[in-house]
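In the working numbering, the protein residues as written are 86 to 189. Glycine included, C-beta positions come from ideal geometry on N, C-alpha and C. Before any comments, here is the structure.
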Amino acid sequence: MAQLIELPRRAVETTATAVTAPFRPLLPDHSVDEWGRDDHLVRLLWPVARLRWNVSVGGLDHLPARKGALLVTNERRFSWSPLYVAGALGNATGRPVRFVGRPD
Numbered sequence: 086m087a088q089l090i091e092l093p094r095r096a097v098e099t100t101a102t103a104v105t106a107p108f109r110p111l112l113p114d115h116s117v118d119e120w121g122r123d124d125h126l127v128r129l130l131w132p133v134a135r136l137r138w139n140v141s142v143g144g145l146d147h148l149p150a151r152k153g154a155l156l157v158t159n160e161r162r163f164s165w166s167p168l169y170v171a172g173a174l175g176n177a178t179g180r181p182v183r184f185v186g187r188p189d
């Protein structure tokens, strides 16, 4: 059977803090809402995605200014387009976009 080696707790915490400190602005702050959305991660990844794909939004006047709206898409499996639609709409409206669905 293997032997368990216990490291001093303070040394492990200090090392972990030192290693992750330069990356802390890039790490999610674990503020995931009840729908599973992490605003910090979305704000971090959306500009990177825009470097590769240019997504524009038209017809914003058809969306309600307040409250929710249901947008229905029919996409093939493993398509990235719903993520880009959500990112573009969220960026254009300043409101979070969340997904609901049913498993295939």
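Item                                                                                                                                                               : Value
Which residues does DSSP list as the beta-bridge partners of residue 117?                                                                                          : 123
Grouping DSSP H, G and I as helix and E and B as strand, with all else coil, what is residue 172?                                                                  : helix
If we ignore side chains and look at the alpha-carbon of each, how far apart do residue 160 and residue 107 end up?                                                : 39 Å
Take every Cβ of the stretch 152 to 167, pair it with every Cβ of the stretch 124 to 131, and state whether three or more of those distances are shorter than 8 Å. : no
Tell me which residues share the same chain as residue 172 and place their Cβ nearer than 6 Å to its Cβ, disregarding the 5 neighbours each side in the sequence.  : 131
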